[in-house]
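**Student:** Supplied in structure tokens, the structure appears directly below.
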Amino acid sequence: MGANELRVYCAEPTRASKDTTGAADEIEGLRRKLGTQMGDLRRTWTGQAATAYLNVWSEIDEECEAMLADLRWIGESLSAAANAYAHMETNGANTFRALKPPGV
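Mapping to my numbering: the sequence shown position 91 is 95, numbers consecutive.
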């Protein structure tokens, strides 16, 4: 394959999209469970240490939410790329099928 060539197997971006979206779903589920536990802790733990810890947790949770949004965007982008490559492949195949030798 030359420097100006790109080989894409359409199934790979599709698989990667599903894997990425699945990972985001799994992480979101774990985040929800942890959020429930942190909510329970917030209701029972008081004092300066509690405030400091729970403030840090809030920051971590916000960052996790942003990373999950990015992960979902990556999954959606991979899916869109797979669809675009599949569409180009179909168009190319149809173009070649439509070619007829001169005089036919």
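Glycine is no exception: its CB is placed at the ideal position from the N, C-alpha and C atoms.
Tell me the rounded alpha-carbon separation between glutamate 69 and methionine 92.
**Tutor:** Taking the straight line joining both Cα atoms gives about 35 Å.
**Student:** Determine the DSSP secondary structure at glutamate 9, reduced to helix, strand or coil.
**Tutor:** Looking at glutamate 9 - three-state DSSP - the assignment turns out to be coil, as it is neither helix nor strand.
**Student:** Determine whether the beta carbon atoms of alanine 28 and leucine 75 lie at a separation below 7 Å.
**Tutor:** Contact flag set, yes.
**Student:** Taking its Cβ as the centre, do 16 or more other Cβ atoms sit within 10 Å of leucine 45, making it buried, or is it exposed?
**Tutor:** With fewer than 16 other Cβ atoms within 10 Å, it is exposed.
**Student:** Consult DSSP for tryptophan 61 and reduce its assignment to one of helix, strand or coil.
**Tutor:** Looking at tryptophan 61 - three-state DSSP - the assignment turns out to be helix.
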